[in-house]
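Colleague:
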Amino acid sequence: MEGESKPAAMGVQAAPKGKFRMPVDSDNKATEFWLFSFARPHMSAFHLSWFSFFCCFVSTFAAPPLLPLIRDNLGLTGKDIGNAGIASVSGAVFARLAMGTACDLVGPRLASAAIILLTTPAVYCSAIIDSASSFLLVRFFTGFSLASFVSTQFWMSSMFSSPKVGLANGVAGGWGNLGGGAVQFIMPLVYEIVRKIGSTDFVAWRIAFFIPGIMQTFSAIAVLAFGQDMPDGNYRKLHKSGEMHKDSFGNVLRHAVTNYRAWILALTYGYCFGVELAVDNIVAQYFYDRFDVNLHTAGLIAASFGMANIISRPGGGLMSDWLSDRFGMRGRLWGLWVVQTIGGVLCVVLGVVDYSFGASVAVMILFSFFVQAACGLTFGIVPFVSRRSLGLISGMTGGGGNVGAVLTQVIFFRGTKYKTETGIMYMGLMILACTLPITLIYFPQWGGMFAGPRKGATAEEYYSQEWTEEERAKGYSAATERFAENSVREGGRRAASGSQSRHTVPVDGSPADV
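Heads up: the sequence shown is residues 1 to 514, going by UniProt numbering.
#1: Between which two residues does the alpha helix (DSSP H) holding Asn-177 run?
#2: In or out: Leu-65 buried (at least 16 other Cβ within 10 Å) or exposed?
#3: Does the segment 229-245 come close enough to the segment 263-270 to have 3 or more Cβ pairs within less than 8 Å?
#4: Using the DSSP secondary-structure output, state which residues sit across from Gly-82 in a beta bridge.
#5: Among the candidates Pro-163, Thr-152, Asn-177, His-296, whose CA atom is the shortest distance from the CA of Pro-68?
#6: Can you tell which of Glu-461, Asn-73, Asp-232 has the C-alpha that lies nearest to the C-alpha of Asp-27?
#7: When you compare only the Cα positions, how much space is there between Gly-376 and Leu-146?
#8: Which residue marks the beginning of the alpha helix (DSSP H) containing Arg-482, and which one marks its end?
#9: Specify, as a first and last residue, the run of the alpha helix (DSSP H) that Cys-434 falls within.
#10: So Ile-393 is in the alpha helix (DSSP H); what residue range does that whole segment cover?
#11: Val-275 CB to nearest chain C CB: under 7 Å?
#12: Would you check if the distance between the CB atom of Pro-212 and the CB atom of Val-58 is smaller than 7 Å?
#13: My output table needs one value for Val-24: the three-state DSSP class, helix, strand or coil.
#14: Hey, how far is the Cα of Ala-204 from the Cα of Glu-192?
#15: What are the uninterrupted segments assigned as alpha helix (DSSP H) that are 4 or more residues long and contained completely in the segment 23-106, given in chain order?
#16: With a Cβ-Cβ cutoff of 7 Å, do Ala-172 and Ser-389 count as a contact?
#17: Nearest to Gly-78 by alpha carbon, out of Lys-419, Thr-468, Ala-478, Trp-467?
#18: Tell me whether Tyr-463 sits in a helix, a strand or coil according to DSSP, three-state version.
#19: Find out if the Cβ-Cβ distance for the pair Thr-408, Ala-278 is shorter than 7 Å.
#20: Suppose contacts are defined by Cβ-Cβ distances below 7 Å. Is Thr-120 in contact with Thr-217 by that definition?
#21: Going by C-alpha distance, which of Gly-107, Ser-161, Thr-439 is nearest Ala-33?
#22: At which residue ranges does the segment 278-346 contain complete alpha helix (DSSP H) runs of 4 or more residues, listed in the order of the chain?
#23: With 16 other CB atoms within 10 Å as the buried threshold, where does Lys-29 fall?
#24: Measure how close the beta-carbons of Ala-62 and Ser-126 come, nearest whole angstrom, since I'm counting them as under 8 Å.
#25: Rounded C-beta distance between Gly-166 and Leu-318? I'm assuming under 8 Å.
#26: In the structure shown, what three-state DSSP assignment does Phe-209 receive?
#27: Around the C-beta of Gln-153, are 16 or more other C-beta atoms found within 10 angstroms, so that it is buried, or is it exposed?
#28: Rounded to whole angstroms, what is the Cα-Cα separation between Lys-19 and Leu-224?
#29: Helix or strand or just coil, what does DSSP make of Gly-475?
#30: Between the C-alpha atoms of Tyr-288 and Met-156, what's the straight-line distance to the nearest angstrom?
#31: Tell me, please, whether the segment 389-402 touches the segment 96-114 by the rule of three or more beta-carbon pairs shorter than 8 Å.
#32: Determine the contact status of Ala-405 and Gly-491, defining contact as a CB-CB distance below 7 Å.
#33: Once the 5 residues before and after Ile-342 are set aside, which same chain residues still bring their CB inside 7 Å of it?
#34: Could you check the C-alpha separation between Arg-387 and Tyr-463 for me, to the nearest Å?
#35: Just verifying my parser: in three-state terms, what is the DSSP assignment at residue 515?
#36: Use the C-beta contact count for Phe-54: other C-beta atoms within 10 angstroms, 16 or more gives buried, fewer gives exposed.
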């Protein structure tokens, strides 16, 4: 039977060892994070994932920096712009769910390249739009590319061990999100260059859209050419050799939708990443209209919000790992709640200080650090919710971010019901309310915010519930069991000290049994 392997005898067998340049654990996941290395397969996967996501972010938000020009050229109304903003993030809701399932079944490499290539034509078509409806359609289909975020987080969770997974997810996601800030520089710059060459305003903004299209195309080719799904190889090879069980969609779906922790994280992510998406859509136009600054200045201000991702989201992931090292999973949960709550307070303040240009810019920058750090903290928790349905749960969480963005834009920034500053204030109140359910997340083996672990509960027991006795007997759960052993530190320092690193693997990849 395809995917079948022999049962593990006398405990959990270590994964077959290869030669890796980086130190790895018993599951061949990297135990260190070398930011400026391209060591295969761990760090090469990191750089491919964040850059391809970066390109997708640039494409999705290529229109807002040029919106005053596009608005005048196409005769767009405020409602048209609001609908297009909603469309740009709504399509990715379902795309992210599909992406999560695809990662579980065929691997992050093929899943990522496929969504990027499928959405690239919409980016090029942005150059030929001539009406409000065509503007909405290209933004809608381009927004599907944001589903590559799910493959980015899944890929990092597959390549890095639990002590480094928060940092890896945070940096990959944060640097990818940088596209939302970088595009505020890129599009006006390209527009100005094209216009100075001799083009008219009407043609210049259209030619500018070829840059994100080209970037997205080449990033997908690089993922296919140089990427690798897992430390030990691509899914197809591992399924064929029997080293990895080929799962079914039904099992992946069942274990994802029945885990309440996934739904809570989807909700809370809707009001950190979802808020970030909403702000990316409105911030340039808000400063342009409210404070009467020019297009270039509005773009710089908007860029500062997105560019904070270079340190804020990675900082959130690093904080999650640091809190885990000291306090285990309970530290990760407390960190997320505190940081996201502060972000909500700052968002309320941003809506209140609309009378002052300087104060608005200062609060916006501070707000960006906290709301983006909360994103990094969220994906410091997601990899521990489920192993069998990791991809789909990552998709549910990421999709929750897009749902939050859609709801926020529909309620507060569509039409003229609210002034933009009033909508920002109410958005902050929504953040505060939707962060509270984090207090309900509880892992029997590690505890929750207000309660310690259940006596006798183990990570092995928690994750083994996703497998039947027959599946465990056939060895399908071997990788899950290795993950459980390697995640002992999530119980805090006391738990970690009680279980020394029996499965630590030296740099040369050879087992070091104690």
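C-beta: ideal position from N, C-alpha, C; glycine also.
Modeller: On the basis of the data shown:
#1: 162-177
#2: Residue 65 is actually Pro in this sequence, not Leu. Buried: at least 16 other Cβ atoms inside 10 Å.
#3: No, because fewer than three Cβ pairs between the segment 229-245 and the segment 263-270 fall closer than 8 Å, the two stretches do not touch.
#4: The partner list for Gly-82 (beta bridge, DSSP) is empty, contrary to what the question assumes.
#5: His-296
#6: Of the residues Glu-461, Asn-73, Asp-232, the one whose Cα lies closest to the Cα of Asp-27 is Asp-232.
#7: Straight-line Cα distance between these residues: approximately 17 Å.
#8: That run of the alpha helix (DSSP H) goes 478-486.
#9: 420-435
#10: 390-412
#11: Reference to chain C is not applicable here, since this structure consists of a single protein chain.
#12: yes
#13: strand
#14: Cα to Cα, the separation comes out at about 8 Å.
#15: 42-60, 67-74, 78-106
#16: no
#17: When Lys-419, Thr-468, Ala-478, Trp-467 are compared, the shortest CA-CA separation from Gly-78 is found for Lys-419.
#18: Of the three classes helix, strand and coil, the one that applies to Tyr-463 here is helix, per DSSP.
#19: Taking 7 Å as the Cβ cut-off, Thr-408 and Ala-278 qualify as a contacting pair.
#20: yes
#21: Just to set this straight, residue 33 is Phe in the shown sequence, not Ala. The shortest C-alpha separation from Phe-33 is found at Ser-161.
#22: List check, alpha helix (DSSP H) in window: 295-307, 312-327.
#23: Lys-29 counts as buried, since no fewer than 16 other beta carbons sit within 10 angstroms of its beta carbon.
#24: About 7 Å separates the CB atoms of Ala-62 and Ser-126; that is less than 8 Å, so the two are in contact.
#25: 7 Å
#26: coil
#27: Classification of Gln-153: buried, given that the 10 Å Cβ count is 16 or more.
#28: 22 Å
#29: coil
#30: 38 Å
#31: yes
#32: no
#33: Around Ile-342: Phe-370.
#34: 7 Å
#35: Any question about residue 515 goes unanswered here, given that the chain covers just 1 to 514.
#36: buried
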